[in-house]
Amino acid sequence: MNASGLSSDQVKLQARVRELAAGPIARRAAEIDRTEQYPWDNVDLLKEAGLIGMTIPPQYGGQGRDWLDAVLAIEALSATCAVTGRIAVETNMGAISAVMAYGSEDQKKMAAAMVLAGDKPAICITEPDAGSDANGMTTRADRKGNRYVVNGRKHWITGGGVSRLHLIFAKVHDEKGAFEGIGGFLAIRDETKGLKITKREPTMGLRGIPEAVIDFEDMDVPPSALVIPPRGLKKGFADLMNAYNSQRVGAATVALGIAEGAYQLALDWSEKRRQFGRPINEFQGLQWKLADMSIKLSAAQALIYKAARSGEGGFPDMLLAAQAKVFTSENAIQVVNDALQFFGARGYSRELPLERMARDVRMFTIGGGTAEVLRNVVAGALLGKKLPQTRNGWNSRA
Ligand SMILES: Cc1cc2nc3c(=O)[nH]c(=O)nc-3n(C[C@H](O)[C@H](O)[C@H](O)COP(=O)(O)OP(=O)(O)OC[C@H]3O[C@@H](n4cnc5c(N)ncnc54)[C@H](O)[C@@H]3O)c2cc1C
Numbered sequence: 005m006n007a008s009g010l011s012s013d014q015v016k017l018q019a020r021v022r023e024l025a026a027g028p029i030a031r032r033a034a035e036i037d038r039t040e041q042y043p044w045d046n047v048d049l050l051k052e053a054g055l056i057g058m059t060i061p062p063q064y065g066g067q068g069r070d071w072l073d074a075v076l077a078i079e080a081l082s083a084t085c086a087v088t089g090r091i092a093v094e095t096n097m098g099a100i101s102a103v104m105a106y107g108s109e110d111q112k113k114m115a116a117a118m119v120l121a122g123d124k125p126a127i128c129i130t131e132p133d134a135g136s137d138a139n140g141m142t143t144r145a146d147r148k149g150n151r152y153v154v155n156g157r158k159h160w161i162t163g164g165g166v167s168r169l170h171l172i173f174a175k176v177h178d179e180k181g182a183f184e185g186i187g188g189f190l191a192i193r194d195e196t197k198g199l200k201i202t203k204r205e206p207t208m209g210l211r212g213i214p215e216a217v218i219d220f221e222d223m224d225v226p227p228s229a230l231v232i233p234p235r236g237l238k239k240g241f242a243d244l245m246n247a248y249n250s251q252r253v254g255a256a257t258v259a260l261g262i263a264e265g266a267y268q269l270a271l272d273w274s275e276k277r278r279q280f281g282r283p284i285n286e287f288q289g290l291q292w293k294l295a296d297m298s299i300k301l302s303a304a305q306a307l308i309y310k311a312a313r314s315g316e317g318g319f320p321d322m323l324l325a326a327q328a329k330v331f332t333s334e335n336a337i338q339v340v341n342d343a344l345q346f347f348g349a350r351g352y353s354r355e356l357p358l359e360r361m362a363r364d365v366r367m368f369t370i371g372g373g374t375a376e377v378l379r380n381v382v383a384g385a386l387l388g389k390k391l392p393q394t395r396n397g398w399n400s401r402a
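Under this note's numbering, residues 5 to 402 are what the sequence shown spells out, in order.
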């Protein structure tokens, strides 16, 4: 065990991924940002290094590793390329973990095979009129004989256009039109009729992964496409969102990795850069800044590792995952911003990675639950109460 309580196997994993991140992954990062192309070559590198499907159980071809192992890989990758870090999140956490926990045998086999072959599944929850208020979604699935017909629009779907497997959330209605609950349907782009990628969002950062609008126009799926958690359709959305706690920990880890990468650059530069005849790290104003940055990073890392460890044998705890994501996402933005400041004008240049890191890290207080909404989650858990946000105290039903 080392200071962070990591096993020798985890320390080795960390060292191996850091080497990969500092080599071929780092060399491609700026180009991925500039060209906005999904890095399929990095997907191959992740596959070769065994960093995809780490959390998938061995009987489905994965490695059955802990969340913390995936976190260590994501953290190291994100220090040089956040896009590659995010790919590692979504091939180890989120939609794939929901299917592995709650899917049928056939669904598990299919999803595991697709991910292990390099597909990054897409999770489709957010809609133009239903963001933080996911219960207000209007995408619906209507039972028609032996099929479901899905209609609606999702937006800001990570991987839209490159992902093949999609987990799509919709309000399920029975044959008579009665509402049964929110369900998750599996569909495959270019195979499932009626799933259309209609627009790519022009994003501020994280440009190597497309964010897309996806339309479902009479998308036709069999009932076997529905992922039904143990508590059934009525309460199933809460179960499926429980799986999302792993993705939240993963997202926090990407933010941490970016900030750690930026901090390291600032630390090194502070020794090299000389002004007034001395290295700039001899100025107390910058020494204290470095101290504050390192304190924020250590605290964020401790929260993330704790949340990851809480998920052994299940999913990370909702409260711990939310605390980790709020704290890390907000502090990582500050750390990257401070790191950029160390470089003066150079920090503002696209020839250095700081400006890319500042754009990339900005996302993490938004995607996967905003910092505000996650504070509601934290408060609700502390108070042991549901904290409905609608005026009438009920879930919204658009
Ligand atoms: C890069 C990126 C990738 C994404 N990937 C995906 C994806 O793969 N799949 C997917 O389904 N979605 C994805 N999203 C969408 C993301 O989950 C939503 O953006 C997020 O849930 C917030 O919804 P919204 O953007 O509609 O903001 P809104 O819900 O409109 O919120 C606007 C503002 O109001 C605040 N607010 C809202 N309600 C409350 C409240 N009750 N209390 C306090 N403040 C509140 C919010 O915090 C925010 O500051 C992604 C977003 C981004 C930026």
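C-beta atoms are modelled at their ideal positions from N, C-alpha and C, and glycine is treated no differently.
Keep in mind the model is a prediction, meaning the values are calculated, not measured.
| Asked | Found |
| --- | --- |
| K329 to K197 span [Cα, whole Å] | 36 Å |
| Element boundaries [beta strand (DSSP E), containing F173] | 169-177 |
| Where K158 falls: helix, strand or coil (DSSP) | strand |
| From N96, D272, D219, S8, residue whose alpha carbon lies closest to that of T59 | N96 |
| Under the three-state DSSP convention, the category M97 falls into | coil |
| First and last residue of the uninterrupted alpha helix (DSSP H) at V382 | 375-387 |
| Near ligand 1: G54 beta-carbon under 8 Å from a heavy atom | no |
| Buried/exposed call for R211, threshold 16 Cβ in 10 Å | buried |
| Coarse secondary structure for K203, derived from DSSP in three states | strand |
| CB-CB length for P3 against R151, believed under 8 Å | Given that the chain is displayed from residue 5 to residue 402, the structure contains no residue 3 and the question cannot be resolved. |
| A191 (DSSP reduced to helix, strand or coil) | strand |
| Beta-carbon spacing of G261, I78 below 9 Å | yes |
| Own chain residues within Cβ distance below 8 Å of L17, not counting five before or after | D73, L76, A77 |
| Three-state secondary structure (DSSP) of A402 | Caution is warranted here: a pLDDT of 44 is assigned to A402, below 50, making its placement in the model unreliable, and the coordinate value is therefore given only provisionally. Three-state DSSP puts A402 in coil, outside helix and strand. |
| Exposure of W273, with buried meaning 16 or more beta-carbon neighbours within 10 Å | buried |
| Top-ranked residue by Cα proximity to A117, from R395, Q67, I127 | Q67 |
| Proximity below 9 Å, CB of V166 to CB of P214 | yes |
| C-alpha distance - F368 paired with A229, whole-angstrom precision | 31 Å |
| Beta carbon of R235 nearer than 9 Å to that of D243 | yes |
| Straight-line gap, N341 to N46 (C-alpha atoms, nearest Å) | 27 Å |
| C-beta contact flag for V119 and G188 at 9 Å | no |
| Helix, strand or coil at M208 according to DSSP, with G and I counted as helix | coil |
| Straight-line gap, A34 to E184 (C-alpha atoms, nearest Å) | 47 Å |
| Between the CA atoms of K390 and Y179 - distance to the nearest angstrom | It is Glu, not Tyr, that sits at residue 179 in the sequence shown. Roughly 32 Å separates the two Cα atoms. |
| Segment contact flag, the stretch 85-102 with the stretch 130-142, C-beta cutoff 8 Å, min 3 pairs | no |
| Rounded straight-line distance, which links the Cα of S12 to that of A191 | 40 Å |
| Distance, Q14 Cα to A402 Cα | For A402, the predicted model reports a pLDDT of 44, less than 50, meaning its position is unreliable; a value from the coordinates is still stated below. Those two C-alpha atoms are separated by around 47 Å. |
| Close-in-space but distant-in-sequence residues of the same chain around N246 (CB under 6 Å, 5 per side omitted) | F319 |
| Proximity test, C128 beta-carbon vs ligand 1 heavy atom, cut-off 8 Å | yes |
| Nearest candidate by alpha-carbon position, reference G209, set N396, A375, R366 | R366 |
| Close beta carbons around H159, own chain, < 7 Å, minus the five adjacent residues each side | T130, E131, P132, V217 |
| Short Cβ contact (9 Å threshold) for A266 with L358 | yes |
| DSSP three-state assignment for L230, whether helix, strand or coil | strand |
| Nearest-angstrom Cα separation, counted from A121 out to E52 | 11 Å |
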